[in-house]
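A short write-up of the structure that comes next.
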Amino acid sequence: MNLVKTDDYPEKAASFFYAGYNCAQATALAFAEFFDLKTTDVQKAMAGFGGGFSGRRETCGAISAMVYILGLAHGDYDPNDNDKKTVFYELVRSAIEDFEKEFGTTICKNLLEEYDINPQKNPQVRDEAYYRSRPCALFIKKAARLIAKNLQRKELA
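The numbering of the sequence shown is this note's numbering, which starts it at 295 and goes up by one.
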């Protein structure tokens, strides 16, 4: 694992989003180097999670990426160790609840509607107007901050 300054992750994630990656890809790609992952593998793995599961506008892609990265960081417990599994689930739930406290929901459609955006099912052209109208960078940065905070943990209790 490569250590990157914790404060860098939110901006790094946002920069991937502004480069055209979806919310899930952008969030996860910010941490690829930390886990020595190939960016192309992360890009492919997270491709279907953008737009709340491929435009279905369900769980925000930044949340999906957060769960994925937290699993990489802390999901290596024995599958029969219910105590560690419980601690891991609590860690993930806590991160999701922190996001929800700030934005009121983790559902893509609801997040976008809070900003008067009528979500579309299919990807839209990523241009200046698109990025100006989208709050997604806020969600991506928050998820990246929550991930970075949890990367400080050495292991599950």
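Ideal Cβ placement from N, Cα and C applies to all residues, glycine included.
Bounds of the alpha helix (DSSP H) holding A438 are C430 to L445. Between the stretch 334 to 347 and the stretch 359 to 376 there are three or more inter-stretch CB-CB distances shorter than 8 Å, so the stretches are counted as touching. Annotation for Y371: no alpha helix (DSSP H) segment contains it, and DSSP assigns it neither H nor E. Around the CB of P304, 16 or more other CB atoms lie within 10 Å, so the residue is classed as buried. The alpha helix (DSSP H) runs lying completely inside the stretch 308 to 370 and spanning 4 residues or more are 317 to 323, 333 to 340, 344 to 347 and 355 to 368, given in chain order. Under the DSSP assignment, V386 falls in the alpha helix (DSSP H) whose first and last residues are N376 to F397.
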